[in-house]
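Taking the numbering used here, the leading residue of the sequence shown gets 40, the next gets one more, and so forth.
Virtual Cβ for every residue (Gly too), placed ideally from N, Cα, C.
Structure first, then comments.
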Amino acid sequence: METQLLQIAEEFGSPVYVYNSEKIIHQYNRLTEAFNSVENLKLNYAVKALSNISVLKLFKTLGSGLDTVSIQEVQLGLRAGFEPQDIIYTPNGVSLEEIETVASLGVQINIDNLSILEQFGSKHPNTPVCIRINPHVMAGGNTNISVGHIDSKFGISIHQIPLLLRIVENTGMTVNGVHMHTGSDILDIEVFLYASEILFETAKNFKNLEFIDFGSGFKVPYKPGDVETNIEELGTKLSKRFNDFCSDYGRDLTLSFEPGKFLVSESGVFLTKVNVVKQTTSTVFAQVDSGFNHLIRPMLYGSQHEIINLSNPEGKERFYSVVGYICETDTFANNRRITEIKEGDILCFKNAGAYCFTMASNYNSRYRPAEVLFHKGKAHLIRKSETFKDILNNQIEITI
Ligand SMILES: Cc1ncc(COP(=O)(O)O)c(C=O)c1O
Numbered sequence: 040m041e042t043q044l045l046q047i048a049e050e051f052g053s054p055v056y057v058y059n060s061e062k063i064i065h066q067y068n069r070l071t072e073a074f075n076s077v078e079n080l081k082l083n084y085a086v087k088a089l090s091n092i093s094v095l096k097l098f099k100t101l102g103s104g105l106d107t108v109s110i111q112e113v114q115l116g117l118r119a120g121f122e123p124q125d126i127i128y129t130p131n132g133v134s135l136e137e138i139e140t141v142a143s144l145g146v147q148i149n150i151d152n153l154s155i156l157e158q159f160g161s162k163h164p165n166t167p168v169c170i171r172i173n174p175h176v177m178a179g180g181n182t183n184i185s186v187g188h189i190d191s192k193f194g195i196s197i198h199q200i201p202l203l204l205r206i207v208e209n210t211g212m213t214v215n216g217v218h219m220h221t222g223s224d225i226l227d228i229e230v231f232l233y234a235s236e237i238l239f240e241t242a243k244n245f246k247n248l249e250f251i252d253f254g255s256g257f258k259v260p261y262k263p264g265d266v267e268t269n270i271e272e273l274g275t276k277l278s279k280r281f282n283d284f285c286s287d288y289g290r291d292l293t294l295s296f297e298p299g300k301f302l303v304s305e306s307g308v309f310l311t312k313v314n315v316v317k318q319t320t321s322t323v324f325a326q327v328d329s330g331f332n333h334l335i336r337p338m339l340y341g342s343q344h345e346i347i348n349l350s351n352p353e354g355k356e357r358f359y360s361v362v363g364y365i366c367e368t369d370t371f372a373n374n375r376r377i378t379e380i381k382e383g384d385i386l387c388f389k390n391a392g393a394y395c396f397t398m399a400s401n402y403n404s405r406y407r408p409a410e411v412l413f414h415k416g417k418a419h420l421i422r423k424s425e426t427f428k429d430i431l432n433n434q435i436e437i438t439i
């Protein structure tokens, strides 16, 4: 694969994101297998993780649905060929108008606050909605990605269920699903199981449920030997509990998940070229032709991306700080052991499939990079690198 990646960097230029469809398919099948004792399982891929339309089309061929958070993600999904009923829309803090527009497209709405619930229910009592609860569970790899705790802005507090039920009764609306998402990078399956019990408790309040959505947050490994969520064990335990719940409820419901990271993180790498090797009195910096404008996760929440020198994989290891070209502190990795780096070498950042390109920007007026999908033995360009035209696009030059 190293040689192929070097060829891709040569052919499509650097920096470039590369995704491997085989890994995506493998992860999708792994999750499906883990829950194969559940009669109705629905995986709704979280578009925000990696939203390239060709990747969405790949998920369509797998039978996946989509989890979306904006009307634009919904539009991308429809454009990729998804049926509206295979899309769930879980916004946070968006306008009633946007929610109404998405509902009018036939997409499943998931509401996470009482104010919008009341307004939406009063105007559209015949549109079934899902309710996102906040189970008040602290979970996630970092405070920025822990979203189910008591101080979080997400979901309707479980302590407000009586109020919620009053709104549902007064408006005559139907609740067809209950949902939670407690955070990302959750390692301990006991946390999922504990939060699931809260969701089951909530679910008992609604008589017309069609599905229970357990969100996502599965942790993936970031380096060889790293820990990950034990999906297989979670599958065995949660499936049993879910099937028991359905027996008590009196009906087979659909068990939904909306994974992003689990499905695409490991499928992606980010290739950059070393512009400068800078020896200072304390550190050796490898400065690449990119920065947090292209991959912000290390600066945003301290995420780890393993870095490999593709141009010298067998070389002697030395310590490097890998940094970008942005005009602020722009560190990808501090004092990492990497095989000897020379200017012009191609570095490969791993786990670059999720929340990498989708968080890229034009900061410093740089172009966002190309994306390539390695699919059925061939590298397909699925997004061109931007050009100066894109930087000026939508800008209006007035006479000053
Ligand atoms: C509501 C919701 N669902 C699903 C996801 C996907 O989570 P992950 O990438 O950890 O699988 C997120 C991530 O932020 C989310 O906010």
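A straight line joining the alpha-carbon of residue 407 with that of residue 114 spans about 22 Å. Per DSSP, residue 366 has no beta bridge partner at all. Residue 402 holds the alpha-carbon nearest to the alpha-carbon of residue 369 among 262, 402, 280. In this structure, residue 87 has its CB closer than 7 Å to one or more heavy atoms of ligand 1. In the DSSP assignment, residue 240 falls within the unbroken alpha helix (DSSP H) covering 228 to 242. Pairwise C-beta distances place the segment 53 to 69 in contact with the segment 303 to 313, as three or more of them are shorter than 8 Å.
Where residue 414 is concerned, the enclosing beta strand (DSSP E) starts and stops at 409 to 414. For the pair of segments examined, the segment 209 to 218 was found to touch the segment 247 to 260: the number of CB pairs separated by less than 8 Å reaches three. Taken in chain order, the unbroken stretches of beta strand (DSSP E) that lie wholly in the segment 91 to 160 and span 3 residues or more are 104 to 107, 126 to 128, 147 to 150. In the three-state scheme derived from DSSP, where H, G and I count as helix and E and B as strand, residue 285 is classed as helix. With fewer than 16 other beta carbons inside 10 angstroms of its own, residue 419 counts as exposed.
For residue 419, the uninterrupted beta strand (DSSP E) segment begins and ends at 417 to 422. Take the alpha-carbon of residue 255 and the one of residue 314: they are about 38 Å apart. Distance from the Cα of residue 298 is smallest, within the candidate group 253, 318, 135, for 253. The bridge partners DSSP lists for residue 437 come to none. Under the DSSP assignment, residue 295 falls in the beta strand (DSSP E) whose first and last residues are 293 to 296. The Cβ-Cβ distance between residue 79 and residue 275 does not fall below 8 Å.
For ligand 1, no non-hydrogen atom lies closer than 7 Å to the CB of residue 344.
Between residue 399 and residue 344, the gap from beta carbon to beta carbon reaches 8 Å or more. About 6 Å separates the Cβ atoms of residue 393 and residue 89, confirming a contact at the 8 Å cut-off. The beta carbons of residue 195 and residue 153 sit about 6 Å from each other, so the pair counts as a contact at 8 Å. At least one heavy atom of ligand 1 lies less than 7 Å from the C-beta of residue 129. In this structure, residue 41 sits near residue 352, with a CB-CB distance shorter than 8 Å.
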